[in-house]
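Numbering (my numbering), first residue to last: 549 to 700. Ideal Cβ placement from N, Cα and C applies to all residues, glycine included. Have a look at the structure below, then the notes.
Structure (structure tokens):
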């Protein structure tokens, strides 16, 4: 499940860019969805193909896109598509913002993962060097001081 979510997160900006390119080239939303689903593939492509099938069967855009509302990574994309269908706003401009936001979120997540990896790499070193430091650095000093204080 996590791999699937990570793959969707990674593919979402590209999918939004592909949709924008298709829409600006004159494709209808269903045509853009079809092309994007085939080009992206994977779990995101499957979900986009499902929505495209729902739209082609006559479902309202709100009901077709509402299936993505519960998925955290796809919710902004689904809200944008639903809102554009309801208001008649240009979808391409809204999807460009979604792609930019997705890229920003992906960069933030990768930076956080890099920081976490640095901390996780230091912890084993600390666990190895701390006992050595105590045994070679602190114990001899304490033993030397104890021998001078306790023995006359």
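| request: Quick one: give me the first and last residue of the alpha helix (DSSP H) that residue 607 is part of. | output: Where residue 607 is concerned, there is no enclosing alpha helix (DSSP H), given that its DSSP letter is neither H nor E.
| N-terminal and C-terminal residue of the alpha helix (DSSP H) that residue 695 is part of | 687-698
| query | Less than 8 Å separating the beta-carbons of residue 571 and residue 580? | reply | yes
| field | Backbone secondary structure at residue 618 - three-state DSSP | value | coil
| query | Between the C-alpha atoms of residue 612 and residue 664, what's the straight-line distance to the nearest angstrom? | reply | 38 Å
| query | Which whole-angstrom value describes the C-beta separation of residue 558 and residue 654, a residue pair presumed to lie in contact below a C-beta threshold of 8 Å? | reply | 7 Å
| Enclosing alpha helix (DSSP H) for residue 632 [first to last residue] | 623-635
| field | With 16 other Cβ atoms within 10 Å as the buried cut-off, status of residue 556 | value | buried
| query | So, is residue 582 buried or exposed, given that buried needs 16 or more other C-beta atoms within 10 angstroms? | reply | buried
| task | Alpha carbon to alpha carbon, how far is residue 667 from residue 576? Give it in angstroms, no decimals. | result | 48 Å
| request: Would you mind giving the Cβ-Cβ distance between residue 637 and residue 610, rounded to the nearest angstrom? I have them listed as a contact below 8 Å. | output: About 14 Å separates the two Cβ atoms, so there is no contact after all.
| field | Contact belief for residue 644 with residue 568 at Cβ below 8 Å, rounded distance in angstroms | value | 6 Å
| said: On the CB-based measure, 16 or more other CB atoms within 10 Å of its CB, does residue 677 come out buried or exposed? | reply: exposed
| field | Own chain, CB closer than 8 Å to residue 551, minus 5 neighbours either side, in chain order | value | none
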